[in-house]
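Everything below concerns the one structure shown next.
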Amino acid sequence: MDNTMAASSEEHARKKAIRRAILVFVLVMVALTFFSNTLLNISLAVVTVQQPGAGPLSHQITGSGTVEAAETADLYVETNWAASDVRIKVGDKVEAGQELVLFKTRDAEDSLKDNQARYEQKRLSLQKLQDNYMDVARSSDEKQMRSVSRDIDSTKLDMQILERQIAGLQRQLSEFTRLTAPVAGVVTELNAVKGAPVQSGKAAVRIADAAKGQQLKATVPDAKASYVQVGDETELIFAALSNARIKARISDIRDTVDSSGQAGSSGASTQPKREGKEITFLLQDARLKGGETGEFDIVKKTVPFRSLLPNDAIREDDNGKYVLILKEKKGPLGSEYMLQRASVQAGDADDSKTSIENGVTPLDQVVVSGSKPVADGDRVLRSN
Numbered sequence: 000m001d002n003t004m005a006a007s008s009e010e011h012a013r014k015k016a017i018r019r020a021i022l023v024f025v026l027v028m029v030a031l032t033f034f035s036n037t038l039l040n041i042s043l044a045v046v047t048v049q050q051p052g053a054g055p056l057s058h059q060i061t062g063s064g065t066v067e068a069a070e071t072a073d074l075y076v077e078t079n080w081a082a083s084d085v086r087i088k089v090g091d092k093v094e095a096g097q098e099l100v101l102f103k104t105r106d107a108e109d110s111l112k113d114n115q116a117r118y119e120q121k122r123l124s125l126q127k128l129q130d131n132y133m134d135v136a137r138s139s140d141e142k143q144m145r146s147v148s149r150d151i152d153s154t155k156l157d158m159q160i161l162e163r164q165i166a167g168l169q170r171q172l173s174e175f176t177r178l179t180a181p182v183a184g185v186v187t188e189l190n191a192v193k194g195a196p197v198q199s200g201k202a203a204v205r206i207a208d209a210a211k212g213q214q215l216k217a218t219v220p221d222a223k224a225s226y227v228q229v230g231d232e233t234e235l236i237f238a239a240l241s242n243a244r245i246k247a248r249i250s251d252i253r254d255t256v257d258s259s260g261q262a263g264s265s266g267a268s269t270q271p272k273r274e275g276k277e278i279t280f281l282l283q284d285a286r287l288k289g290g291e292t293g294e295f296d297i298v299k300k301t302v303p304f305r306s307l308l309p310n311d312a313i314r315e316d317d318n319g320k321y322v323l324i325l326k327e328k329k330g331p332l333g334s335e336y337m338l339q340r341a342s343v344q345a346g347d348a349d350d351s352k353t354s355i356e357n358g359v360t361p362l363d364q365v366v367v368s369g370s371k372p373v374a375d376g377d378r379v380l381r382s383n
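Per numbering that gives the first Met the number 0, the sequence shown starts with residue 0, numbered consecutively.
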């Protein structure tokens, strides 16, 4: 009896020990699984996701340029007469018809009188030769007739030359004795100096036409310039005028080129390199004198797009553009997240967002950023 009870007690103790060992084993395995999963999670990249959303794009076009006259009146002189009086200076406002520069014309006037006197002498000589011709004609001396006839023709040619010289001097004295302003505006360039002739090839005076206003030219990239057009209105900001905002209108958009004429390896000049688009703004403000720097910041919104994603979400490899979509998988220890590649067709884009034509749905969780580089098939953690 005692032996039976002892054996039963030992069997019970053995089974209890086995159950305890099994429990310990299970607990250890659970603990190891938990800790290994925790260690794995620590090593995983943490990603931020965003669903595609509808909305417009905002294209920002910025730049700056220098104010200059929209149109100028350039006054040139054809003579080398010295200026006797210069009545304006650069920056002066002038009115139409105002006297600007006077020139010394005494030498020209004397030359005109001399040529007029020579012309009169030739006229008298011609009359005498014509009388001589009549006398010779009566004597029938053909040789002498030909000689007198040649003298008459020569005298007539000399008179024609003198007529042109006289007409030219009269015109110069009429047009260039004094320079007057053809328009109201501001003197932007002055090459007339009292006591000296104006340098050849240079305008004696250049006037910014006040009625035509000012212009500002700026170069922007082709991609940006495509969002503005002639006729668009904006505001230019001038720091020199206490950040005053002045309304302006785009009057012209054209290609610009690098005209430096870089030579190629063969020594010949290469084709001009395009540098973008030159945008011309027209503006009018009495405070502007020319030379001021103006800045612009134009924002153009597009029509709404069905699907927009941050630019950082768009990736590209040899197979084209794609995004990484977060896929959730339920497991015994909770949700796991894997990344899946999805090829996309990207459309228009601004500085922050890109429109997606196809490849994603509004419910897709698209990776925007990560704590470390990620790729298709990676297991990751989702940022809260």
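The C-beta atom is built at its ideal place from N, Cα and C for all residues, glycine as well. Source: prediction; values computed, not measured.
How big is the Cα-Cα spacing for residue i and residue j?
i, j, result
"Pro220", "Pro309", "22 angstroms"
"Gly290", "Thr65", "6 angstroms"
"Arg378", "Glu315", "20 angstroms"
"Gly54", "Pro181", "55 angstroms"
"Asn114", "Leu161", "6 angstroms"
"Leu101", "Glu188", "17 angstroms"
"Ala136", "Met144", "6 angstroms"
"Ile278", "Ala224", "8 angstroms"
"Lys211", "Ser199", "28 angstroms"
"Glu356", "Asp317", "20 angstroms"
"Ala116", "Asp157", "13 angstroms"
"Asp375", "Ser382", "18 angstroms"
"Asp73", "Arg170", "19 angstroms"
"Ala302", "Val322", "In the sequence as presented, Ala is not what sits at residue 302; that position holds Val. If you take the alpha carbons of Val302 and Val322, they lie about 24 angstroms apart."
"Lys127", "Ser139", "19 angstroms"
"Lys276", "Thr255", "5 angstroms"
Under the three-state reduction of DSSP, which class applies to residue i: helix, strand or coil?
i, result
"Val147", "helix"
"Arg117", "helix"
"Ala81", "strand"
"Ser382", "coil"
"Gln159", "helix"
"Arg86", "coil"
"Ser250", "strand"
"Ala166", "helix"
"Lys43", "The sequence shown places Leu at residue 43, rather than the Lys named in the question. Three-state DSSP puts Leu43 in coil, outside helix and strand."
"Asn190", "coil"
"Asn131", "helix"
"Leu123", "helix"
"Leu74", "strand"
"Leu56", "coil"
"Glu232", "strand"
"Asp109", "helix"
"Glu94", "coil"
"Lys201", "coil"
"Asp363", "coil"
"Thr154", "helix"
"Lys14", "helix"
"Ser368", "strand"
"Lys352", "strand"
"Lys103", "coil"
"Ser63", "strand"
"Asp208", "strand"
"Gln213", "strand"
"Ala243", "strand"
"Ala68", "strand"
"Gln171", "helix"
Tell whether a beta-carbon distance below 8 angstroms holds between residue i and residue j.
i, j, result
"Ala95", "Ala183", "yes"
"Arg248", "Glu232", "yes"
"Ala345", "Thr353", "yes"
"Lys235", "Glu174", "It is worth fixing the name first, because residue 235 is Leu in this sequence and not Lys. Against a cut-off of 8 angstroms, the Cβ pair of Glu174 and Leu235 comes out as no contact."
"Gln283", "Thr179", "no"
"Val85", "Val192", "yes"
"Val46", "Val366", "yes"
"Leu373", "Leu325", "Reading the sequence as shown, one finds Val at residue 373 and not Leu. No. Outside cutoff."
"Leu380", "Leu43", "yes"
State buried or exposed for residue i, treating a residue as buried only when at least 16 other CB atoms are found within 10 Å of its CB.
i, result
"Gly358", "buried"
"Lys15", "exposed"
"Arg163", "exposed"
"Arg205", "buried"
"Thr104", "buried"
"Gln59", "exposed"
"Gly260", "Caution is warranted here: a pLDDT of 46 is assigned to Gly260, below 50, making its placement in the model unreliable, and no coordinate value can be reported."
"Pro51", "buried"
"Gly62", "buried"
"Val415", "As displayed, the chain neither begins before 0 nor continues past 383, which places residue 415 out of reach and without an answer."
"Thr154", "buried"
"Gly90", "exposed"
"Thr71", "buried"
"Gln159", "exposed"
"Ile17", "exposed"
"Asp251", "exposed"
"Asp349", "buried"
request  = Just list the beta strand (DSSP E) runs in the region 302-349, keeping only unbroken ones of 3 residues or longer that don't cross its boundaries, in chain order.
outcome  = As summarised for the region 302-349, the continuous beta strand (DSSP E) elements at least 3 residues long and confined to that stretch are 304-309, 314-316, 319-330, 333-342, 344-348, given in chain order.
message = Quick check for students: name the residue ranges of the beta strand (DSSP E) that lie wholly in the region 271-301, counting only runs of 3 or more.
response = As summarised for the region 271-301, the continuous beta strand (DSSP E) elements at least 3 residues long and confined to that stretch are 272-282, 292-300, given in chain order.
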